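Since the structure comes first, as structure tokens, the remarks are kept for the end.
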Amino acid sequence: MKTSSILPLFIFILILTACKSDRLTEQINQEVAMKDPHSYGNPDEVIIRHLDWVAAVNFETKIISATANLTVENLSGGNKIVLDIRDLAIEKVTLGEKKEITSFQVGQADSTFGAPLTITIKPETKLVSITYQTQPQAAALQWLTPEQTLGKKSPFLFTQSQAILARTWIPLQDGPQVRFTYSAEVTVPTGMLALMSASNPQEKSGNGVYHFKMEQPIPSYLMALAVGDIEFKSVGKRTGIYAEPAQLDAASWEFADTEKMVEAAEQLYGPYRWDRYDILVLPPSFPFGGMENPRLTFATPTVIAGDKSLVALIAHELAHSWSGNLVTNAIWDDFWLNEGFTVYFEGRIMEHVYGRDFAEMEQRLGFEDLKGTIAELGDTSRDSHLKLDLKGRDPDEGVSDIAYEKGANFLRVCEKAAGREKWDAFVKGYFEKYAFTSMTTEKFITYFEENFIAGDTVLANKIRAKEWIYGPGIPDNVIEYKSARLQAVDTEISNWNSGAKAEELLTKNWATPEWLYFLRGIPHTETIKRMTELDETFGFSKSQNSEIVSEWLEHSIQVGYKPAFPALEKFLTSVGRRKFLRPLYQQLIRTKEGREFAWTIYTKARPGYHSVSVKTIDEMIGWTKN
Ligand code: BES
Ligand code: ZN
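Sequence positions in the sequence shown follow the working numbering and run 1 to 626.
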């Protein structure tokens, strides 16, 4: 062939390749904007699209035996897929429907990030099946004995995957930029109910086998499973409560406003995209207040106060159905996009359902927390930027008031600067446009500048977004909430400080936020006599409200009020919610005597805490394995 005849063909091939790689780059850019520093996965080359999980849960051995059938798309035509695993025993890996055995390799393991599982595939591979077992110490899983439950008869299992613990129970590309749909078949002992972050059963099955489907694509940190003696009660047309039988009525009463909250959220920022919204009330060792597992929020029982006063937590987890579950932080450095938006949205839902003055009190308390956190970090700390830098660190270190409260305060500045109407339209449009995708801080800023600021320099100067996002501390354009109800509490605090008796204080209509504000406002130098007076008048030590008790206990440790210590011991040995444990142990270890008390209690309580709380408290008090 002469050169002149090959040339057109050559050019043609060149154009074809260029087109293909252009399309490819575009697709990759859309899905995986950057390398995730907390995942070994290679979703830029081969990406998981669907998981079909077949699993059996064994309470005797504390092991889940499973096969993860991954439908993958080989974007690069390469010959390997890399997954994240931590403490998984991999038995075998096969390719395709014919289950042909393939080779795999487990890399060097890190105690936080686990190890890469590299599997040999072919350019045309569409199905990769991994058969494996979890280990009893899997960090995401908490296996509870019957004694650790309310009913005392059945054991209980629940998972907590966020941020990077999904890899301790399922081999996946465990980073929030990878979304997949899933189906599951889970076998549990008969007489127990299994639930997932998916379509769920409302009754126990006769044979202990359950089927699940999650048809919307979700990131791995939203994978969730719970197994126990659990029953269901409906509280609205698409809302209901799952709980142990002994707590089902109380929980259903407490969360009776759930349907109203979903309606309020929809009115604000568009349709709820996940079909049902149910809540599962877990045993008290659950390490968080709540976890936004899609279709099924996991919640601590410590929000059941008997008066609906702690339901902001439900508003929060529900709000994640938009901020987080629909539009997802791309990597954990962008965590504020999940939590800041959610705290903001939570406040709006609370305002809608319970009124502005109630919501403002909660916002004010959050702002006080933020100031406290910044004081601890120091006002130039890199960790006080909204956009975090968690490379090489456990993303759990990013869970602080910065993402939550500084994030929400930034958004309130935007709202105020432009007015609600313009702001709400923008936020709604943002959720709609980026539904089921992940978002980096930079992409958000571009969208924000184009669609919200839109060249209005006056507006931009009012907000100063970059100072909030890439700068430390709290910028001086923050909005300080003046709550009339909390101002009334200030008056009572000063009455108390000038010697008024506890019974003379005007506390008649106080709700939880007022009590919390009061307890935070009274001096840390209180005498035992005055503490006794407060306790006898208001019954703090025996309060059923976990927020009030924990605040009171913290104060009691600070002033050395010993009569509260039996209640303190009971609290620390029965509740595993990290938000409460952290400040209590922190206060205790400040004195030698307190330190000894802390160690005695922790020795007893530690086996009952979830690994997430154990890790935090171990580090704090200097616990070592021997
Ligand atoms: N998604 C978080 C919990 C979380 C964050 C778990 C990061 C692991 C890593 C959840 O939505 C949350 O924020 N829970 C709060 C609720 C509160 C802010 C109302 C909690 O648990 O205290
Ligand atoms: Zn949250």
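All C-beta atoms, glycine included, are put in the ideal place defined by N, C-alpha and C.
Just so you know, these numbers come straight off a predicted model, no measurement behind them.
Which of helix, strand or coil DSSP assigns to residue i
i	result
M261	helix
L172	strand
G228	strand
N86	Before going further, note that residue 86 is Arg rather than Asn in the sequence given. Of the three classes helix, strand and coil, the one that applies to R86 here is coil, per DSSP.
W623	coil
T3	Because T3 carries a pLDDT of 45, less than 50, the predicted location of this residue cannot be relied on, and the following value inherits that uncertainty. Note: T3 maps to helix in three-state DSSP.
G372	helix
P271	coil
W510	coil
I64	strand
W53	strand
F156	strand
E203	coil
K562	helix
W322	coil
A163	coil
V241	Looking at the sequence provided, one finds Ile at residue 241 rather than Val. Residue state, collapsed to three classes: strand.
A567	helix
R23	Unreliable placement is indicated for R23, whose pLDDT of 49 sits below 50; no coordinate value is reported for it.
L195	strand
M631	With the chain covering only 1 through 626, there is no way to say anything about residue 631.
F410	helix
S611	helix
R595	helix
N495	helix
H211	strand
R279	In the sequence as presented, Arg is not what sits at residue 279; that position holds Ile. It is a strand residue.
F431	helix
Option in the options with minimal Cα separation from residue i
i	options	result
A166	N293, E351, E503 and D618	N293
A140	P176, A68, T102 and S220	S220
I402	P189, S183 and I469	I469
I589	T446, G560 and G539	G560
Q142	V57, A264 and K99	V57
T125	V614, T94 and I557	T94
V489	E467, E254, L516 and M192	L516
A193	N42, P217 and D229	Strictly speaking, residue 193 in this sequence is Leu, with Ala absent from that position. Selected option, being the one with the closest Cα: D229.
H65	E185, D456 and T616	This sequence places Ser at residue 65; His is not what is there. It is E185 whose Cα lies nearest to the Cα of S65.
G206	T190, S197, P217 and M214	T190
E619	L70, Y447, L581 and K98	L581
G96	Q558, K122, A198 and S111	K122
V46	S384, R179 and T603	R179
I474	L268, S199 and G407	G407
W496	F212, L519 and T342	L519
Q135	W169, D110, E339 and W274	W169
L88	G107, A264, K428 and K592	G107
N545	I218, M439 and A511	A511
R273	A435, N409, L411 and E231	A435
A109	K35, K99, R86 and I130	R86
I601	L568, V262, K592 and T591	L568
P217	T457, F444 and S438	S438
L365	N200, Q487 and D52	Q487
Rounded distance between the beta-carbons of residue j and residue i, thought under 8 Å
i	j	result
K387	D476	Their Cβ separation, rounded to whole angstroms, is 20 Å, which puts K387 and D476 out of contact at 8 Å.
T128	V72	Here residue 128 is Val; the residue named in the question, Thr, does not match the sequence. Contact flag correct, Cβ pair sits at about 6 Å.
E259	T149	Their Cβ separation, rounded to whole angstroms, is 28 Å, which puts E259 and T149 out of contact at 8 Å.
V413	I463	6 Å
A299	I279	5 Å
T342	G324	6 Å
T120	V82	Not a contact, Cβ separation roughly 11 Å.
N409	F448	At roughly 16 Å, the Cβ-Cβ gap does not stay under 8 Å, so N409 and F448 are not in contact.
I63	Q137	Not confirmed; about 11 Å, so no contact.
M350	E362	6 Å
G398	L390	5 Å
I90	F113	With 8 Å as the limit, I90 and F113 do not qualify as a contact, their Cβ atoms being about 17 Å apart.
Residue i CB to nearest heavy atom of ligand 3 below 7 Å
i	result
E292	Here the bound small molecules are ligand 1 and ligand 2; ligand 3 is not part of this structure.
CB contact check: residue i to chain C, cutoff 8 Å
i	result
V303	In the structure shown, chain C does not exist; there is a single protein chain.
With contact counted as at least three CB pairs below 8 Å, one residue from each stretch, are the region 154-162 and the region 224-240 in contact?
By the Cβ test, the region 154-162 is in contact with the region 224-240, since at least three Cβ pairs between them sit closer than 8 Å.
contact_flag[the region 342-355, the region 307-318] where n(CB pairs < 8 Å) is 3 or more
A contact is defined here as three or more CB-CB pairs under 8 Å, and the region 342-355 meets this definition with respect to the region 307-318.
Would the region 603-621 count as touching the region 284-292 if we require 3 or more Cβ pairs under 8 Å?
Enough Cβ pairs lie closer than 8 Å, so yes.
Is the region 174-184 touching the region 39-51 in the sense that three or more CB pairs, one from each, lie closer than 8 Å?
Note that the region 39-51 touches the region 174-184; at least 3 beta-carbon pairs, one per stretch, sit closer than 8 Å.
Is the region 495-515 close to the region 525-543, with three or more CB pairs under 8 Å?
Counting Cβ pairs under 8 Å, three or more are found: they touch.
Cβ contact check for the region 565-583 and the region 549-557: 3 or more pairs under 8 Å
Touching, yes, given that three or more Cβ pairs across the two stretches are closer than 8 Å.
Would you check if the region 425-441 and the region 260-267 touch, i.e. whether three or more CB-CB distances between them fall below 8 Å?
Between the region 260-267 and the region 425-441, the count of Cβ pairs shorter than 8 Å is below three; the stretches do not touch.
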